[in-house]
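Structure first, commentary second.
In the working numbering, the protein residues as written are 374 to 605.
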């Protein structure tokens, strides 16, 4: 409930929302990998919202984002942030303990390449933790929701007509339809990593069963998580 209430302020008070989300992310990640002394790569970290939380947990933080506007959204970019693409990570193979990404995959035109890159840079035994907003979730269309259920292009045109400007997340350009089923299929077929767990991110622990029910998981997962462990 705390996360949900914070989510309602994402557009009006992003610092508040992402601070709470970062603390929750560090807590979740700690269940899969020790963070003290670990090298953490945050793919799509924007202005470094998560940097403070990861460093407080003792991690060595490196974040990247391809968008200059995102990097400087809070003024000067965080010293741990670099400009780079998630589909071509400028990071040596098998070099980080944890590769993390939050709410980025649905903004990438080739999500499978980004996922492969995240696995590539992770050390054997290391963790890949990736969460994203599925297309058929209540917030799949982002600011154009819930009209995305009638089609991404329709939702985009409706938003432009009503607001007099295009949405920040433009379907087909910076927002894409990524399903839960397709990501799970990719994860279980990945030759270089094993699936540790999949679950709906903002749900209580007893609702994790949703991840295993086709169709239901597409609509009932406000945000979806895939946790992988890199094979030796």
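Glycine residues also receive a C-beta, built at the ideal position from the N, C-alpha and C atoms. Note that the structure is a prediction, hence the values are computed from the model and not measured.
Contact under 9 Å by Cβ, residue i with residue j
| i | j | result |
| --- | --- | --- |
| residue 416 | residue 408 | no |
| residue 569 | residue 600 | yes |
| residue 526 | residue 544 | yes |
| residue 540 | residue 515 | yes |
| residue 607 | residue 414 | Because the chain spans 374 through 605 in this model, residue 607 falls outside it and cannot be assessed. |
Boundaries of the beta strand (DSSP E) in which residue i is found, first to last residue
| i | result |
| --- | --- |
| residue 456 | 454 to 456 |
| residue 570 | 566 to 573 |
| residue 602 | 597 to 603 |
| residue 416 | 412 to 416 |
For residue i, the three-state DSSP class (helix, strand or coil)
| i | result |
| --- | --- |
| residue 369 | Summary: the structure shown does not reach residue 369, with the chain confined to residues 374 through 605, and so no result is reported for it. |
| residue 397 | helix |
| residue 503 | strand |
| residue 481 | coil |
| residue 509 | coil |
| residue 435 | strand |
| residue 555 | helix |
| residue 476 | coil |
| residue 467 | coil |
Host alpha helix (DSSP H) of residue i (start-end)
| i | result |
| --- | --- |
| residue 488 | 484 to 493 |
| residue 422 | Where residue 422 is concerned, there is no enclosing alpha helix (DSSP H), given that its DSSP letter is neither H nor E. |
| residue 532 | 525 to 536 |
| residue 516 | Unbroken run through residue 516: none, as it is neither H nor E. |
| residue 589 | 589 to 593 |
7 Å CB neighbourhood of residue i in its chain, flanking five on each side removed
| i | result |
| --- | --- |
| residue 458 | 439 |
| residue 513 | 506, 507 and 521 |
| residue 589 | 583 |
| residue 547 | 480 |
| residue 559 | 485 and 488 |
Contacting residues, own chain, Cβ-Cβ under 6 Å from residue i (five flanking each side not counted)
| i | result |
| --- | --- |
| residue 581 | 572 |
| residue 616 | Nothing in the structure corresponds to residue 616, since the chain is present only between 374 and 605. |
Residues of its chain near residue i, where Cβ-Cβ distance is below 8 Å and the 5 sequence neighbours each way are ignored
| i | result |
| --- | --- |
| residue 426 | 392, 395, 396, 398 and 399 |
**Q.** the stretch 480 to 490 in contact with the stretch 549 to 568 per 3-pair CB rule at 8 Å
**A.** yes
Q.
Would you call the stretch 464 to 475 in contact with the stretch 485 to 501, where contact means no fewer than 3 C-beta pairs closer than 8 Å?
A. yes
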